[in-house]
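Working notes for the structure below.
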Amino acid sequence: MDSLVRDGWAIAAAMMSAVLAIGIALAFLESQWGAISGRAGMLAQAFDKIAFLAACGLVVVAATLS
Numbered sequence: 001m002d003s004l005v006r007d008g009w010a011i012a013a014a015m016m017s018a019v020l021a022i023g024i025a026l027a028f029l030e031s032q033w034g035a036i037s038g039r040a041g042m043l044a045q046a047f048d049k050i051a052f053l054a055a056c057g058l059v060v061v062a063a064t065l066s
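Oh and the sequence shown: position 41 is 41 in our numbering, straight run, nothing missing.
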């Protein structure tokens, strides 16, 4: 039963990591679009999203490793 719970947490962490990676990629593309279109506010908001999603990813990794 213990290994089943551990495997469940590992699967959940992997899925969350994938969602965060996709979110970071989309925020990066948004920042590039902001740079191309010359909208500095859009660029700053995208980098804020990237920083938040990266911090969430670090929390998931730290929780998985502990």
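Built from N, CA and C at the ideal position, the CB exists for glycine as well. Fair warning: this is a prediction, and the values are worked out from it, not measured in the lab.
Annotation for residue 6: the continuous alpha helix (DSSP H) segment containing it runs 2-37. Residue 37 counts as exposed, since fewer than 16 other beta carbons sit within 10 angstroms of its beta carbon. Straight through space, the alpha carbons of residue 30 and residue 9 are spaced by roughly 31 Å. Only residues of its own chain outside the window of five on either side were considered, and among them 13, 16, 17, 20 have a CB closer than 8 Å to the CB of residue 60, listed in chain order.
In this structure residue 46 touches residue 34 by the C-beta definition: roughly 6 Å separates them, less than 8 Å.
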